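Trainee: If you scroll down you'll find the structure; I have some questions about it.
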Amino acid sequence: MQHIFKSTGHALALFVAIWCGACGFANAQSIEIVGFGDSLMAGYELPEGDGFPAVLQAALVAAGHNAHVSNAGVSGDTTTDGLARLDWSIPDGTNLVVLELGANDALRGIMPEITAQNLDAMIVSLKNRNIKIVLAGMLAPPNMGKEYEAKFNAIFPALAAKYQLPLIPFFTEGVTGHPDLQLNDKMHPNRNGVDVMVKNALPHVLEGLK
Numbered sequence: 008m009q010h011i012f013k014s015t016g017h018a019l020a021l022f023v024a025i026w027c028g029a030c031g032f033a034n035a036q037s038i039e040i041v042g043f044g045d046s047l048m049a050g051y052e053l054p055e056g057d058g059f060p061a062v063l064q065a066a067l068v069a070a071g072h073n074a075h076v077s078n079a080g081v082s083g084d085t086t087t088d089g090l091a092r093l094d095w096s097i098p099d100g101t102n103l104v105v106l107e108l109g110a111n112d113a114l115r116g117i118m119p120e121i122t123a124q125n126l127d128a129m130i131v132s133l134k135n136r137n138i139k140i141v142l143a144g145m146l147a148p149p150n151m152g153k154e155y156e157a158k159f160n161a162i163f164p165a166l167a168a169k170y171q172l173p174l175i176p177f178f179t180e181g182v183t184g185h186p187d188l189q190l191n192d193k194m195h196p197n198r199n200g201v202d203v204m205v206k207n208a209l210p211h212v213l214e215g216l217k
């Protein structure tokens, strides 16, 4: 009888140890990342799993990080729109935001000063919540003129330097101007284009996670 009790006790202890270990694994906190931006982030006309956030998550997991990337991209958003929805779009518990806005500002000819002010306000708000930021840079289309182009293109490096943020120099680098990596609209990436964007962005996101 004593032998049976000891065996049962050992089995119970082993079960509890395994169960507690499993609970610890299941409850291990993942790195919570939010991709906050416009259609380039939202995955315009792409299947749900083919957008930038989903592909970035897969790349981070493949690199050994327990990361979850939420998609908070809204097609058509300007920096003014982004600033207005920032607080409720970025939930508590977020560790890092990939901030990608400004393309629609340039397409609409919004004054670069307004774009800069809006991005600055978003960065300050996120930093006040102790959320890390990776800034995605944008370039103005050449048809906006040299003066506009110079002012707009300077926004992102200046903000990255001011707040010491990792900077993706140009979010669609290697995709813009490559029809084989774009949808038929020649503006948004296809799945292969998203792969290129994630490959370019990954080192900067990893830097932001340090």
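For what it's worth, my numbering labels the leading residue of the sequence shown as 8, then goes sequentially.
For each residue, glycine too, the CB sits at the ideal point set by N, CA and C.
As the structure is a prediction and not an experimental result, all values here were calculated from the model.
1) Does the Cβ-Cβ distance between residue 81 and residue 37 come in under 9 Å?
2) Please report the distance separating the alpha-carbon of residue 201 from that of residue 173.
3) In the DSSP output, what is residue 43 paired with across the bridge?
4) In the structure shown, what three-state DSSP assignment does residue 124 receive?
5) What span of residues does the beta strand (DSSP E) with residue 139 cover, start to end?
6) Got a sec, what are the start and stop residues for the alpha helix (DSSP H) residue 96 sits in?
7) What does the alpha-carbon distance come out to for the pair residue 113 and residue 147?
8) Would you call the segment 114-124 in contact with the segment 65-84, where contact means no fewer than 3 C-beta pairs closer than 8 Å?
9) So residue 74 and residue 64 are supposed to be a Cβ contact under 8 Å. How far apart are they, rounded?
10) What is the DSSP secondary structure of residue 32, reduced to helix, strand or coil?
11) Taking just the CA atoms, how far does residue 106 sit from residue 84?
12) Is it buried or exposed, residue 150, if we count other Cβ atoms within 10 angstroms and call 16 or more buried?
13) Between residue 62 and residue 205, which are expected to be in contact by the criterion C-beta below 8 Å, what is the C-beta distance as a whole number of angstroms?
14) If residue 101 sits next to residue 125, beta carbons under 8 Å apart, how far is it from one beta carbon to the other, in whole angstroms?
15) Taking the alpha helix (DSSP H) that residue 70 belongs to, which residues open and close that run?
Mentor: Taking the structure as given:
1) The sequence position of residue 81 within the sequence shown is 74, counting from 1. The sequence position of residue 37 within the sequence shown is 30, counting from 1. Against a cut-off of 9 Å, the Cβ pair of residue 37 and residue 81 comes out as no contact.
2) Looking up residue 201 in the sequence shown gives position 194. Looking up residue 173 in the sequence shown gives position 166. Going from the Cα of residue 201 to the Cα of residue 173 covers about 20 Å.
3) The sequence position of residue 43 within the sequence shown is 36, counting from 1. Its beta-bridge partners are 79, 106.
4) Counted from its first residue, the sequence shown places residue 124 at position 117. Of the three classes helix, strand and coil, the one that applies to residue 124 here is helix, per DSSP.
5) The sequence position of residue 139 within the sequence shown is 132, counting from 1. Unbroken beta strand (DSSP E) run through residue 139: 139-143.
6) Position 89 of the sequence shown holds residue 96. Here the alpha helix (DSSP H) through residue 96 covers 86-96.
7) The count along the sequence shown starts at 1 and reaches residue 113 at position 106. The count along the sequence shown starts at 1 and reaches residue 147 at position 140. Each residue's alpha carbon lies about 6 Å from the other.
8) no
9) Here residue 74 refers to the residue found at position 67 of the sequence shown. Here residue 64 refers to the residue found at position 57 of the sequence shown. So it is a contact: roughly 6 Å between Cβ atoms.
10) Locating residue 32 in the sequence shown gives position 25, where the first residue counts as 1. Annotation note: pLDDT 38 at residue 32 (below 50); position unreliable, coordinate value reported separately. DSSP places residue 32 in helix when its eight states are reduced to three.
11) Counting from one through the sequence shown, the residue named residue 84 turns up at place 77. Counting from one through the sequence shown, the residue named residue 106 turns up at place 99. Spanning the two alpha carbons is a distance of roughly 12 Å.
12) Your numbering for residue 150 matches position 143 in the sequence shown. Exposed, since its Cβ has fewer than 16 Cβ neighbours within 10 Å.
13) Sequence index remark: in the sequence shown, residue 62 carries index 55 (1-based). Sequence index remark: in the sequence shown, residue 205 carries index 198 (1-based). Indeed they touch by this definition, with Cβ atoms about 5 Å apart.
14) Here residue 101 is taken as the residue at index 94 of the sequence shown, counted from 1. Here residue 125 is taken as the residue at index 118 of the sequence shown, counted from 1. That pair is no contact at about 19 Å.
15) Position 63 of the sequence shown, counted from the start, is the residue given in the question as residue 70. Counting along the chain, residue 70 falls outside any alpha helix (DSSP H), and DSSP gives it neither H nor E.
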